[in-house]
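Below: one structure, written as structure tokens.
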Amino acid sequence: MTTGGVTVGTLLWEPPVDIRETTRIGRYLAWLESERGLAFADYAALWEWSVTDLTAFWQSIWDFFQVIGHEPATAVLDSAEMPGARWFPGATLNYAENVLRLPGFDDDDPVVTAYSQSREPLTLTARQLREDVRMVRAGLRSRGVGAGDRVAAYAPNIPETYVLMLATASLGAIFSSCAPEFGARSVIDRWSQIEPKVLVAVDGYRYGDKDVDRRAEITTIRESIPSIEHVITIGYLGGDGDWAELTGDDPLEFTPVPFDHPLYVLYSSGTTGLPKPIVHGHGGILLEHLKILALHHDLGAGDRFLWFTTTGWMMWNYLASGPAAGAAIVLFDGNPGWPDLSALWELVDTAGVTYFGTSAPFLLACRKAGITPPASGRLRGIGSTGAPLPPEGWTWVYETIGPDIRLMSLSGGTDVCTGFVGGVPLLPIRAGVITSRILGARVEAYDGSGKPVVGELGELVISAPMPSMPVGFWNDTDGSRFREAYFDVFPGVWRHGDWITVDPDGSCVLTGRSDATLNRGGVRLGTAEFYSVVESLPEIADSLVVHLDTPGDPNGELLLFVVPADGVELDDALRGRIARELRAALSPRHVPDAAHRVDAIPRTLSGKKLEVPVKRILTGTPAGSAAAKGALANPESLNAFAALYRERLSAASE
Numbered sequence: 001m002t003t004g005g006v007t008v009g010t011l012l013w014e015p016p017v018d019i020r021e022t023t024r025i026g027r028y029l030a031w032l033e034s035e036r037g038l039a040f041a042d043y044a045a046l047w048e049w050s051v052t053d054l055t056a057f058w059q060s061i062w063d064f065f066q067v068i069g070h071e072p073a074t075a076v077l078d079s080a081e082m083p084g085a086r087w088f089p090g091a092t093l094n095y096a097e098n099v100l101r102l103p104g105f106d107d108d109d110p111v112v113t114a115y116s117q118s119r120e121p122l123t124l125t126a127r128q129l130r131e132d133v134r135m136v137r138a139g140l141r142s143r144g145v146g147a148g149d150r151v152a153a154y155a156p157n158i159p160e161t162y163v164l165m166l167a168t169a170s171l172g173a174i175f176s177s178c179a180p181e182f183g184a185r186s187v188i189d190r191w192s193q194i195e196p197k198v199l200v201a202v203d204g205y206r207y208g209d210k211d212v213d214r215r216a217e218i219t220t221i222r223e224s225i226p227s228i229e230h231v232i233t234i235g236y237l238g239g240d241g242d243w244a245e246l247t248g249d250d251p252l253e254f255t256p257v258p259f260d261h262p263l264y265v266l267y268s269s270g271t272t273g274l275p276k277p278i279v280h281g282h283g284g285i286l287l288e289h290l291k292i293l294a295l296h297h298d299l300g301a302g303d304r305f306l307w308f309t310t311t312g313w314m315m316w317n318y319l320a321s322g323p324a325a326g327a328a329i330v331l332f333d334g335n336p337g338w339p340d341l342s343a344l345w346e347l348v349d350t351a352g353v354t355y356f357g358t359s360a361p362f363l364l365a366c367r368k369a370g371i372t373p374p375a376s377g378r379l380r381g382i383g384s385t386g387a388p389l390p391p392e393g394w395t396w397v398y399e400t401i402g403p404d405i406r407l408m409s410l411s412g413g414t415d416v417c418t419g420f421v422g423g424v425p426l427l428p429i430r431a432g433v434i435t436s437r438i439l440g441a442r443v444e445a446y447d448g449s450g451k452p453v454v455g456e457l458g459e460l461v462i463s464a465p466m467p468s469m470p471v472g473f474w475n476d477t478d479g480s481r482f483r484e485a486y487f488d489v490f491p492g493v494w495r496h497g498d499w500i501t502v503d504p505d506g507s508c509v510l511t512g513r514s515d516a517t518l519n520r521g522g523v524r525l526g527t528a529e530f531y532s533v534v535e536s537l538p539e540i541a542d543s544l545v546v547h548l549d550t551p552g553d554p555n556g557e558l559l560l561f562v563v564p565a566d567g568v569e570l571d572d573a574l575r576g577r578i579a580r581e582l583r584a585a586l587s588p589r590h591v592p593d594a595a596h597r598v599d600a601i602p603r604t605l606s607g608k609k610l611e612v613p614v615k616r617i618l619t620g621t622p623a624g625s626a627a628a629k630g631a632l633a634n635p636e637s638l639n640a641f642a643a644l645y646r647e648r649l650s651a652a653s654e
């Protein structure tokens with residue numbers, strides 16, 4: 001298939017012959033051979049072992065990375081049954097202790113470098129980071145925070161938030177963050193479920209050239225959540241705050257906790273109903289992030305790791321584990337498109353970033369805007385997530401940044417706080433194709449009867465447990481909500497909710513959410529390939545497609561919504577061009593029955609398109625019930641769909 005003038009599968013990068021000598025996964029393979037007597041001819045054999053001999057694989061990750069533990073485990077995995085698999089029973093450790101070991105760092109080496117549109121850049125060395133965590137830990141402890149208590153941060157991607165998370169974890173307390181662009185209602189929906197004892201919040205922030213005051217929201221949050229006993233304010237916008245008072249003289253210590261002791265609570269997007277409070281554990285997150293950051297992203301000593309994210313997205317937690325793998329991290333807070341889309345690329349150059357993580361929509365927007373990133377001698381890897389990256393996005397990276405870049409398209413989820421399909425240095429990179437399934441992630445495609453299929457579209461499932469699968473949902477005492485979320489379709493197998501094709505060589509193509517499937521005449525069509533074609537047109541800035549069932553018509557109704565580029569009108573000529581492109585690139589079934597202009601496509605705060613809420617609105621659900629507006633980046637965008645529903649209803653009654 002060709003989209004945007006690029007053929008899916010076009011070879012873009014091949015591993016050099018010395019790849020096993022120059023990468024961390026190569027050193028891991030050598031270690032497996034010398035220490036375990038295990039030799040693997042290729043990545044496929046290594047992956048197969050990692051998802052078959054779970055005990056040996058995950059013990060090897062613990063040992064290879066020399067995880068600091070206290071009490072030893074009585075087993076690696078007491079049962080592989082899902083849900084309910086329990087990893088490393090009896091073991092105790094602490095996530096923060098393993099991060100602050102800072103392998104490869106000297107005391108004066110920078111570990112955290114922070115850039116912001118609200119204040120001047122800031123750097124924390126290894127010594128400063130440990131000291132800041134020590135002080136904040138002491139301040140929390142003096143306010144009665146101990147193991148199991150919750151500490152909440154209404155704060156952006158800045159060093160204080162990072163320090164607070166590590167200090168909280170060091171005590172065995174439980175961390176939760178919301179980005180300050182979340183409205184008070186969205187924050188209350190999340191934190192009223194976990195009842196935090198301490199709230200740390202910024203007074204406001206600058207987004208591009210706009211100041212955003214958050215003091216009123218802090219007051220509302222505090223008044224609405226009775227469990228909050230202490231509020232500490234970071235004077236991030238106005239300069240006034242009592243963050244410096246969160247200190248004390250206690251030494252830096254780490255409370256040993258069980259492997260599955262809660263580390264932090266992340267949340268589902270919350271676009272429909274209350275966000276699910278997803279509890280992640282110390283040990284599972286540590287092992288998972290060490291594995292993927294070091295062996296797949298190839299991060300380690302000398303690296304500077306930046307992923308553009310807010311504290312409301314799991315990629316912040318992902319970035320936060322960088323120092324555990326030996327990589328310094330670069331934080332950025334602000335508008336990534338201000339003053340234009342070259343701003344982040346210039347930061348990559350300025351900060352000496354070696355690995356830059358971003359989203360597929362950002363890369364595609366840069367391509368469409370004609371951005372040419374400045375040459376950066378240090379950049380060697382780019383990560384893309386948040387949505388499938390179409391082939392033209394891959395080729396843009398290689399044409400504008402350079403042929404030696406290792407581009408990884410990563411897909412996973414907040415549910416596991418990682419990616420389970422992505423890339424690996426041992427394999428070639430091809431346009432529009434996710435290179436591999438991640439080690440330890442037994443990803444398969446299931447047909448409707450629950451049987452694995454290869455080379456065919458199926459439901460993405462994980463058929464063996466992973467340590468970073470959630471400990472559970474908060475307050476889900478009988479586990480019913482957890483089972484319903486992941487195990488209601490295929491008993492004993494995790495169903496993730498995406499469509500995937502797994503090819504015989506283990507590479508993958510994701511084609512969108514299975515709950516947003518376009519089903520015309522019994523043929524399933526993925527939304528991702530649809531967007532790849534439509535948004536490759538220079539006249540189209542953004543798009544969204546939904547399929548509505550129509551009684552008596554097996555094809556139903558396919559509706560396309562587009563945001564035209566500046567100065568472009570959606571006229572019959574453009575509608576015709578869209579139809580011709582879809583028919584030629586995909587099939588006649590992909591041609592929409594109608595195309596409508598809208599000013600904006602509704603997205604979550606992390607940038608995901610909201611096909612399902614739009615479908616609900618167009619079938620009669622009020623906009624306020626179809627999506628929680630506080631979880632949206634642009635809630636006003638729903639109004640156009642509500643208006644269209646009313647128009648269609650009126651026309652049908654005439």
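With the first letter of the sequence shown counted as 1, position 239 gets the number 239 in my numbering; the numbers rise by one all the way through. Every residue gets a Cβ at the ideal spot worked out from N, C-alpha and C, and that includes glycine. As the structure is a prediction and not an experimental result, all values here were calculated from the model.
Pairwise C-alpha distance: residue j and residue i
i: R127; j: A153; result: 24 Å
i: D542; j: L293; result: 32 Å
i: S321; j: V99; result: 7 Å
i: L199; j: Y207; result: 22 Å
i: G204; j: W345; result: 26 Å
i: V76; j: N94; result: 17 Å
i: E581; j: E535; result: 11 Å
i: A594; j: L558; result: 7 Å
i: S411; j: V591; result: 28 Å
i: L638; j: L379; result: 39 Å
i: E195; j: G337; result: 35 Å
i: W316; j: L610; result: 22 Å
i: D659; j: P374; result: Residue 659 falls outside the range modelled here, since the chain spans only 1 to 654, and no answer is possible.
i: I438; j: D42; result: 14 Å
Neighbour-count burial assignment, residue i, 16 or more Cβ in a 10 Å radius
i: P388; result: buried
i: S480; result: exposed
i: S359; result: buried
i: N475; result: exposed
i: T52; result: exposed
i: P491; result: exposed
i: P159; result: buried
i: H70; result: exposed
i: E444; result: buried
i: A640; result: buried
i: A327; result: buried
i: L363; result: buried
i: K210; result: exposed
Top-ranked residue by Cα proximity to residue i, from the options
i: G334; options: L12, G248, P391 and A343; result: A343
i: T550; options: K615, T7 and Y531; result: K615
i: V133; options: V163, A147 and P275; result: V163
i: L287; options: E71, C417, L29 and T7; result: C417
i: W313; options: L347, L299, T219 and S268; result: S268
i: R222; options: F64, I188 and E253; result: I188
i: G458; options: Y446, Y28 and R20; result: Y446
i: S227; options: S34, D149 and L649; result: D149
i: V6; options: S653, L649, A585 and A643; result: A585
i: H296; options: T372, V489, A216 and I382; result: I382
7 Å Cβ shell around residue i - same chain, five flanking residues per side excluded
i: Y531; result: S543
i: R36; result: S60
i: E539; result: P564, A565, V568 and L574
i: L11; result: P428 and R430
i: L166; result: A96, V99, L100 and V133
i: R660; result: No answer is possible for residue 660: it lies beyond the span of the chain, which begins at 1 and ends at 654.
Span of the alpha helix (DSSP H) around residue i
i: C366; result: A360 to A369
i: L667; result: This structure does not reach residue 667, given that the chain is present from 1 up to 654, and the question cannot be answered.
Same chain, Cβ closer than 6 Å to residue i, five either side skipped, listed in chain order
i: I68; result: E97 and N98
i: T511; result: W499, G526, A528 and E529
i: V330; result: T113, R304, L306, A351 and V353
i: M135; result: T247
Chain B contact for residue i (CB, 8 Å cutoff)
i: K451; result: In the structure shown, chain B cannot be found, because there is only a single protein chain.
Delimiting residues of the beta strand (DSSP E) encompassing residue i
i: S116; result: P110 to S116
i: R380; result: From DSSP, R380 is part of no beta strand (DSSP E); its letter is neither H nor E.
Own chain, CB closer than 8 Å to residue i, minus 5 neighbours either side, in chain order
i: V493; result: M82, Y446, G450, V461, I462, S463 and F487
i: V257; result: T92, L93, N94, A147, G172 and H282
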